[in-house]
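Please read the structure below before turning to the comments.
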Ligand code: ADP
Ligand code: ASP
Ligand code: MG
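Here it is as C-alpha cells:
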C-alpha cells in the first residue's frame, strides 16, 4: 500500500516526539508499505513566528509572512529525515517548492492549484521515504506561499490525491473526530466514521481537527482519510462517503467558532446596487464574509449586518468606512466578541423540528440568538462569545451526543 501520513504540531512538538514519529513511520515501512510523510511545524512555532512579525512591524507584508512561516516546517522535516536515516531507513526531506506544490498568489491563504509530485514519485521509486513540509507551496512567480492556519492537512490530502495513495492518515493529539471538541466537552464521543459533507461543514464551522480545504480535496478525489492519535494505538475516525447508516443520525456533531466579529451598517439606503457597493470592495480585498442579514426597510432606509473572521476586522473596517462615506449611511457598529455555534448532521435532511429544539435549548439557558443561518445539513446560531462553552455543552446533551456514563466502547 501507498500511505500518506501527516503528523501535526503536537505530534512533532519536541525532539523526543519526532523520534517517536520516526519509529511509527519505520513500523509502517517494516509492514511493507510505501510511506510519504507530511509534517507540521513544532507546536507553537507558527504562532511564535507570527508574533515576531507583528512585533517587528505593525502591518507585516504578506509575502514576507509566508517566507517567515514556511521556515517552521523546514525544521521538522529535516530533523525527521535525519533521524530516519540514522535508523537505517533511506529518507529525504522536501519543501513545497521541491515537491511542486503550485498555488495561487493569495499569500497567507493560498489555494493549491496543481501538484506535479515527480520528485516524490522518483523518491518512492528509489525506495526512499519522502518527508514533505506541510502548509507551503509556491506561486507562478516561484514565491513561497502558505495555505492558511492548519493547512498541513491539505498538503497531505492533496498529495494523497495526486499520488493516488491507498490511504491518508492524519495523526493528531486527539483520538479522532468527536461529536464536539473533546477538549471542551470531556464526554464527547469519538465517531467511527463521518461523511465528507458533514466533515466539510464541521471543518468550515470551526472544528479544528481537519483543515476545511483538505476535506474538499478528500471529497473531490474520494481520498479515504483516517484521523488518528499520534500517541495511542486506536482505530480513529474514517472520513468517507455517506451511507444509509449515517442518515439515521439527525445531529452528528456540535461545532463552534469564537473568532468572529459582527459589523452592522445602520440607515443604509434601500435601493438596487447597494449590497454590491458594500460587499464588492470587501471581496476584492479577499476578505470572506460569512452571514449577511438585512432588515425590512423603514422609510427607504435599512440596517445590514454581517459576520466575518475577527482577524479580518481591521482591513474590513477600513474598506467599510470608505464605502460608508460614499453611500452616506448613518452609523457603523462593531461587535468584536461573537461566536457561532452550529449543529451538523446529514439526518437533518429527513427530520423536522431540529431547529426548534436547538432554539429551545439555547432559550432555556437564557442565551440570546443574534443571527441564524441554515443549510441542508447544518444550523448555526451567532451569540455573544461568553456563552460559547455553555451553548456547546447544552446542545451536545440535548441531541444525545455524549458517551453514556460508564459505557464500554465497542472496539
Ligand atoms: P494538529 O496540530 O495535529 O493539526 P489541531 O490542533 O489542528 O491538531 O487539531 C486537533 C484539535 O482539534 C484537538 O486538539 C481538538 O481540541 C480540536 N477539535 C475541535 N473540534 C473537534 C472535534 N469535533 N473532534 C476532534 N477534535 C476537535
Ligand atoms: N504550522 C501551520 C499552523 O500552525 C500549519 C499546520 O500545522 O497545519 O497553522
Ligand atoms: Mg491542524
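Numbering (our numbering), first residue to last: 415 to 825. Even for Gly, the Cβ is constructed at its ideal location relative to N, Cα and C. Note that this is a predicted model, so its numbers are computed, not measured.
The beta-carbon distance between residue 449 and residue 442, rounded to whole angstroms, is 5 Å. This is short enough to meet the 8 Å contact definition. Annotation for residue 508: the continuous beta strand (DSSP E) segment containing it runs 505 to 508.
In this structure, ligand 3 has a non-hydrogen atom nearer than 7 Å to the beta-carbon of residue 567.
Cβ-Cβ separation between residue 603 and residue 525: approximately 33 Å, too far for a contact (criterion under 8 Å).
About 5 Å separates the Cβ atoms of residue 682 and residue 716, confirming a contact at the 8 Å cut-off. Straight across, the Cα-Cα distance linking residue 693 with residue 415 is about 48 Å. Remark: the shortest separation between the CB of residue 533 and any heavy atom of ligand 2 does not fall under 7 Å. Every alpha helix (DSSP H) of 4 residues or more that sits fully in the region 489 to 570 is shown, in chain order, as 510 to 513, 532 to 539. Looking at the backbone, the Cα of residue 500 and that of residue 557 are separated by about 33 Å. The residue among 554, 702, 736 with its C-alpha nearest the C-alpha of residue 523 is 702. Here residue 656 has 609, 611, 760 as same chain residues with Cβ atoms under 7 Å from its own Cβ, once five neighbours each way along the sequence are excluded.
Between the alpha carbons of residue 804 and residue 562 lies a distance of about 29 Å.
Nearest to residue 720 by C-alpha distance, out of 736, 807, 699, 785, is 785. Within the model, the alpha-carbon separation for residue 578 versus residue 739 is close to 53 Å.
The residue among 778, 665, 471, 580 with its C-alpha nearest the C-alpha of residue 790 is 665. In the structure shown, residue 750 falls within a strand segment according to DSSP collapsed to helix, strand and coil. Judged by pairs of C-beta atoms under 8 Å, the region 586 to 599 does not touch the region 544 to 556, as fewer than three such pairs exist. Ranking 437, 815, 458, 527 by CA distance to the CA of residue 424 puts 458 first. At a cut-off of 7 Å, the beta-carbon of residue 517 does not count as near ligand 2: no heavy atom of the ligand is closer than that.
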